[in-house]
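Structure record follows, encoded as structure tokens.
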Amino acid sequence: MQGLVIVLATAVLLAAQSVVAPCVELRGARPDWLLVVVVFGALHAPPASAVGYAWVLGLVGGLLSVERTGLLALSYALAAGLVAAVREYLFRNSALAQIVLTLAVALVVRGGWLLYRRVVDDPTTALVAGVATDVVPASLYTALWAPFIHRFLAGVARPLGFRSLTPPRARRFGSLRPRRGLS
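For the record, in the sequence shown the residue sitting at position 148 is 150 according to my numbering, with numbers rising by one throughout.
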């Protein structure tokens, strides 16, 4: 049943990315809600599951886009691995942390896409102009969506398979209350 819920949620997310995201485009900057979900998953799911889900999400998202197959899958999987590696040092439920982390990951991912397009498709593209007109505005716009999407996903986390959203350190060391019988 949990797998069915995840598949349905992924289908809704992909439909929203391809149908709704163009409608909320702001001066040519379109939010990348798939990346925000990848960051959420990498913050809260086990690292291997987060990377696997990010890869699948990128693969299916790449099939629905004009990008070459595998580009989104690789970039989302690498982004999930990067976030999973640093999540122990973050306040996961802080809106500021979610914005900054999503902004940093979006800048890296979109910058990588820009370099890839420059090398493979059109080597005459101006790199600085691409960063100023595509990478930075779209990354900022995506990062501003992060707290809203994270809050929504945290509310529906249990049906999506995230059993606990408490940080791993708190679970590992147990409660801070002293045990009974110990002085």
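Ideal placement from N, C-alpha and C gives every residue a C-beta, glycine not left out.
Remember, it's a predicted structure, so these values are computed and weren't measured experimentally.
Limits of the alpha helix (DSSP H) - the one that residue i falls within
i	result
Ala50	Pro49 to Leu65
Gly83	Leu73 to Val88
Gly132	Leu129 to Gly132
Thr144	Val138 to Gly157
Gly43	Trp35 to His46
Arg120	Ala97 to Val122
Buried or exposed (CB count within 10 angstroms, at least 16 for buried), residue i
i	result
Val130	exposed
Arg1	Residue 1 cannot be examined here, being either before or after the span of the chain that is shown, 3 to 185.
Ala172	Confidence at Ala172 is low in this model, with a pLDDT of 46, below 50, so its placement is unreliable and the value that follows should be read with caution. When all chains shown are included, Ala172 counts as exposed.
Tyr91	exposed
Ser141	buried
Arg89	buried
Val122	exposed
Ala86	buried
Leu73	buried
Closest by C-alpha distance to residue i, when choosing among the options
i	options	result
Gly54	Val88, Gly83 and Glu69	Gly83
Ser77	Pro48, Ala128, Ser67 and Leu37	Leu37
Pro139	Arg29, Ala23 and Gly157	Arg29
Gln19	Leu80, Arg153, Val39 and Arg94	Val39
Ile8	Ala56, Ala23, Val26 and Pro24	Ala56
Leu116	Ala11, Phe150, Leu80 and Glu69	Glu69
Phe150	Gly114, Pro24 and Ala97	Ala97
Thr12	Ala159, Ser51, Val22 and Leu59	Leu59
His152	Asp124, Phe93, Val21 and Arg120	Phe93
Ala75	Gly114, Glu27 and Pro48	Gly114
Ala17	Gly157, Ser67, Ala128 and Val158	Ser67
For residue i, the residue or residues it bridges with in DSSP
i	result
Leu28	Ala31
Can you confirm whether the stretch 134-153 touches the stretch 17-36 when touching is taken to mean that 3 or more C-beta pairs between the two stretches lie within less than 8 Å? yes
Can you confirm whether the stretch 133-140 touches the stretch 63-71 when touching is taken to mean that 3 or more C-beta pairs between the two stretches lie within less than 8 Å? no
Contact between the stretch 102-121 and the stretch 35-49 is defined here as three or more beta-carbon pairs at a separation below 8 Å; is this criterion met? yes
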